[in-house]
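Reminder that position 69 of the sequence shown reads as 835 in our numbering, one-by-one numbering, no gaps.
All C-beta atoms in this analysis are idealised placements derived from N, C-alpha and C, irrespective of residue type, glycine included.
First the structure, in the form of structure tokens, and then the observations on it.
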Amino acid sequence: METLLSKLRNLATPKSAFLVLALFILNAIILGRVDQPLSDLANGEPKLDLRFGYDLPTVERLFNAYGEQGREMYVWDLLVDTPFPVLGGLATILFVLPAFPNPRWQKRLVIAPITFILTDLLENVLILFFIQSHPSLPSGLVAFSSFVTQVKRSAFYIIVVELVISGIVVIFAEVKRMVLRRA
């Protein structure tokens, strides 16, 4: 963990943090547009990744509503979704590290972004497996995937808070630095 943190500390500049944040926002906008046809096929129901858990009947109902064409669209959706956790988690880390220079705090505050990245990527693999396995979906794996999604969603809510707070701290520090440089 310390090796990873030391490498990330070298990358953690306001410029790199804002660049990754901009890419994250762009990916989120594109993902929202790619998600819309799936929602339309399912009468407005959110896809699995956007729920706080689900069960086998829900997955079966959604996948049946999507039809073969919708399930193929979901595969493309997952491809667009793959950079989302990486960019979101990395943006959070790149803001957290300069905002909270204490190594103990840094170690604690990077847990949620790393958890978000890993669980979202695992969730994507599991959903891809479900798409390929449909209509034979293993209930135990659906339950596990639902748990992974719940952990991911929880980590996401935490990183949003971390990102906003650390972003504000970094912005104020940058403004202060620019003002002092001009004085």
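Who are the Cβ neighbours of LEU894 in its own chain at under 8 Å, not counting the five residues just before and after it?
In the sequence shown, counting from the first residue as 1, residue 894 sits at position 128. Cβ within range, chain order: VAL841 and LEU844.
Whose C-alpha, out of VAL786, GLY855 and LEU774, is nearest the C-alpha of LEU863?
Translated into positions along the sequence shown, residue 863 becomes position 97. If we check each option's Cα against that of LEU863, LEU774 comes out closest.
Scan the stretch 799-864 and note each continuous beta strand (DSSP E) run of 3 residues or more that stays entirely inside, going in chain order.
none
Tell me the residue span of the alpha helix (DSSP H) that contains LEU777.
Counting from one through the sequence shown, the residue named residue 777 turns up at place 11. Unbroken alpha helix (DSSP H) run through LEU777: 768-777.
Evaluate contact between the stretch 877-886 and the stretch 907-922, counting only Cβ atoms and requiring at least three cross-stretch pairs below 8 Å.
yes
Touch check for the stretch 856-872 and the stretch 777-797: three-plus C-beta pairs under 8 Å?
yes
Is there contact here, the stretch 823-831 with the stretch 891-911, by at least three beta-carbon pairs under 8 Å?
yes
Quick one, which of PHE790, LEU789 and LEU816 has its alpha-carbon nearest GLN802's?
On the sequence shown, position 36 is the one that residue 802 refers to. The shortest Cα separation from GLN802 among PHE790, LEU789 and LEU816 belongs to LEU816.
Rounded C-alpha distance that separates LEU946 from LEU807
On the sequence shown, residue 946 is found 180 positions in, with the first residue counted as 1. On the sequence shown, residue 807 is found 41 positions in, with the first residue counted as 1. When rounded, the distance between both Cα atoms is 56 Å.
If you draw a straight line from the alpha carbon of VAL927 to that of LEU853, how long is it in whole angstroms?
Locating residue 927 in the sequence shown gives position 161, where the first residue counts as 1. Locating residue 853 in the sequence shown gives position 87, where the first residue counts as 1. Between VAL927 and LEU853, the C-alpha separation is close to 16 Å.
Among SER772, LEU822 and PHE866, nearest to GLY933 - alpha-carbon criterion:
Taking the sequence shown and counting its residues from 1, one reaches residue 933 at position 167. With distances taken between Cα atoms, GLY933 lies closest to PHE866.
Given that a residue counts as buried once 16 or more other Cβ atoms are within 10 Å of its Cβ, and exposed if not, what is THR769?
As a position in the sequence shown, residue 769 is number 3, starting the count at 1. THR769 is exposed by the Cβ-count criterion.
How many angstroms separate the CA atom of VAL800 from the CA atom of GLY819?
Residue 800 sits at position 34 when you count from the first residue of the sequence shown. Residue 819 sits at position 53 when you count from the first residue of the sequence shown. Approximately 21 Å, taken between the alpha carbons.
Ordered along the chain, which non-local residues of its own chain (more than five positions away) have a Cβ less than 7 Å from that of PHE882?
Position 116 of the sequence shown, counting from 1, holds the residue named residue 882. For PHE882, where only same-chain residues beyond five positions count, the Cβ hits under 7 Å are PRO851, GLY854, GLY855, LYS918, ALA921, PHE922 and ILE925.
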